[in-house]
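Trainee: In my numbering, the protein residues as written are 539 to 690.
A single structure is presented below for examination.
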Amino acid sequence: MFRGVNAINLDTKGRMIMPMRYRAELQSEAKGQLVVTIDAEEKCLLLYPLPVWEEIEEKIGNLPSFNQVTRRIQRLLIGHATELEVDGNGRLLLPQLLREYASINKHVMLVGQGKKFEIWDKKVWTDGRDKWLTNGLNGLETLPTELQSLSL
């Protein structure tokens, strides 16, 4: 499980160094092979170990293509999916097109989300986090029943 928030700087080529604490798990689980794609709801990128992504890709690919919503999801998520490999120095090259989509410049936040990571521009992340904390759950739809019984 990937968890935690990590501030990372991109180099001039758009590479980020994967924090050391994740490298062993990514190597054993995915042999350093990852997939990055866009988040269709937020201006961030989603980073998956290849085996996890392959399961998701199969499910998305099996959705009915005549449904406009599922077709849009297929186009966005699968269409932007790019395979990456962690190099010998623990770096990943984030594609320019995806960096532009997420407004990613030099400073990024790598946010663990269980089986995947989110990659955010630091300012976009900070502004969003502050808004989420200020608003709390106001304005959101009713909590899913699975969350209503959860105690933290």
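The beta-carbon is built from N, C-alpha and C at its ideal position, and this holds for glycine as well.
1. How many angstroms separate the CA atom of Q651 from the CA atom of E592?
2. Using the rule of at least 16 other Cβ atoms within 10 Å of the residue's Cβ for burial, across every protein chain shown, is G617 buried or exposed?
3. Count the other C-beta atoms from every protein chain shown that fall within 10 angstroms of the C-beta of V543, then say buried if there are 16 or more, exposed otherwise.
4. Using DSSP with H/G/I as helix, E/B as strand and the rest coil, what is Q651?
5. Would you grab the beta carbon distance between E595 and A619 for me? Rounded to a whole angstrom, and I think it's under 8 Å.
6. Would you kindly work out how many angstroms separate the C-alpha atoms of Y560 and K597, rounded to a whole number?
7. Could you tell me whether the Cβ atoms of V624 and L572 are closer together than 8 Å?
8. Taking the alpha carbon of G628 as the point to measure from, which residue in M539, K581 and I546 has its own alpha carbon closest?
9. V662: which of R541, Y639, L588 and E684 sits nearest, CA to CA?
10. Let me know the alpha helix (DSSP H) ranges lying completely inside the stretch 612-642, each 4 residues or longer, listed in chain order.
11. Please go through the same chain and pick out, in chain order, the residues whose beta-carbon is closer than 6 Å to the beta-carbon of W658, but skip the five residues on each side of it.
12. Taking a contact to mean a Cβ-Cβ separation below 8 Å, would you say K653 touches V574 in this structure?
13. On the DSSP bridge assignment, give the partners of I576 in chain order.
14. Would you report the Cα separation of L564 and G570, rounded to the nearest angstrom?
15. What's the gap between the Cα of F655 and the Cα of L585?
16. So, under 8 Å CB-CB, M556 and L630 are touching, yes? Tell me the CB distance rounded to an integer number of Å.
Mentor: On the basis of the coordinates in this document:
1. Taking the sequence shown and counting its residues from 1, one reaches residue 651 at position 113. Taking the sequence shown and counting its residues from 1, one reaches residue 592 at position 54. Rounded to the nearest angstrom, the two C-alpha atoms are 17 Å apart.
2. For this step, residue 617 is matched to residue 79 along the sequence shown. By the 10 Å Cβ count, G617 comes out exposed.
3. Residue mapping note: residue 543 aligns to position 5 of the sequence shown, counting from 1. Its Cβ having fewer than 16 others within 10 Å, V543 is exposed.
4. Looking up residue 651 in the sequence shown gives position 113. DSSP places Q651 in coil when its eight states are reduced to three.
5. Residue mapping note: residue 595 aligns to position 57 of the sequence shown, counting from 1. Residue mapping note: residue 619 aligns to position 81 of the sequence shown, counting from 1. E595 to A619, Cβ: 7 Å. Contact.
6. Position 22 of the sequence shown, counted from the start, is the residue given in the question as residue 560. Position 59 of the sequence shown, counted from the start, is the residue given in the question as residue 597. Straight-line Cα distance between these residues: approximately 26 Å.
7. Looking up residue 624 in the sequence shown gives position 86. Looking up residue 572 in the sequence shown gives position 34. Result yes, Cβ atoms of V624 and L572 sit closer than 8 Å.
8. Position 90 of the sequence shown holds residue 628. Cα-wise, what sits closest to G628 is I546.
9. Taking the first residue of the sequence shown as position 1, residue 662 is located at position 124. The residue with the shortest Cα to Cα distance from V662 is Y639.
10. Here the runs fully enclosed are 634-639.
11. Along the sequence shown, read from residue 1 onward, the residue named residue 658 stands at position 120. If we look at W658 and ignore the five residues flanking it on each side, its Cβ neighbours are C582 and M647.
12. As a position in the sequence shown, residue 653 is number 115, starting the count at 1. As a position in the sequence shown, residue 574 is number 36, starting the count at 1. Contact flag unset, no.
13. Working through the sequence shown from its first residue, we reach residue 576 at position 38. In the DSSP output, where bridge partners are listed per residue, I576 has L583.
14. Taking the first residue of the sequence shown as 1, we reach residue 564 at position 26. Taking the first residue of the sequence shown as 1, we reach residue 570 at position 32. Cα to Cα, L564 sits roughly 5 Å from G570.
15. The residue you call residue 655 lines up with position 117 of the sequence shown. The residue you call residue 585 lines up with position 47 of the sequence shown. Near 5 Å, if we compare the C-alpha coordinates of L585 and F655.
16. Position 18 of the sequence shown, counted from the start, is the residue given in the question as residue 556. Position 92 of the sequence shown, counted from the start, is the residue given in the question as residue 630. Contact holds; Cβ gap of about 6 Å.
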